[in-house]
Structures are given as structure tokens and as C-alpha cells.
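K.L.:
Adding 33 to a residue's 1-based position in the sequence shown gives its number in my numbering. Glycine included, every Cβ here is placed at the ideal spot set by N, Cα and C.
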Amino acid sequence: MAHCQKCGAEVDEMDLYEDYGLKVCEDCKIRATASPSQPCGGERF
Numbered sequence: 034m035a036h037c038q039k040c041g042a043e044v045d046e047m048d049l050y051e052d053y054g055l056k057v058c059e060d061c062k063i064r065a066t067a068s069p070s071q072p073c074g075g076e077r078f
């Protein structure tokens, strides 16, 4: 078993992905590729 270098989860070697040089689990890879949330068009700050 291998460990995710971001969250430390223990995963099978086949379930590791490379993300910017780190070996990460599927959950961390998905979180890294998800686009950040945007406020609705009418909001002002």
C-alpha cells in the first residue's frame, strides 16, 4: 500500500496519480482539478 502525499490516506499503488510532482489519491486529484466557486453575477464586494 502507498500513501497520498497530500492527505496521507493509504491507497493502493494503482490508485495514485501524479499532480505537480506529488503522488496523490483520487480524491485529492479531483479536488485539485475542480474549479473554484464563483459568486453570482450581481454580488458586489
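Pop quiz: Tyr56 and Gln38 are said to be a contact at Cβ under 8 Å. What is the actual Cβ separation, rounded to whole angstroms?
P.N.:
Just to set this straight, residue 56 is Lys in the shown sequence, not Tyr. That belief holds up - the Cβ atoms of Lys56 and Gln38 are roughly 5 Å apart, short of 8 Å.
K.L.:
Mapping the DSSP letters down to three states, classify Asp48 as helix, strand or coil.
P.N.:
Helix at Asp48.
K.L.:
Can you have a look at Cys40 and say buried or exposed, based on whether 16 or more other CB atoms are within 10 angstroms of its CB?
P.N.:
That one is exposed.
K.L.:
Taking the continuous beta strand (DSSP E) assigned at Lys56, which residues delimit it?
P.N.:
Element bounds for Lys56: 55 to 57.
K.L.:
Could you give the distance in angstroms between the alpha-carbon of Glu59 and the alpha-carbon of Ala35?
P.N.:
Looking at the two C-alpha atoms, the distance is approximately 13 Å.
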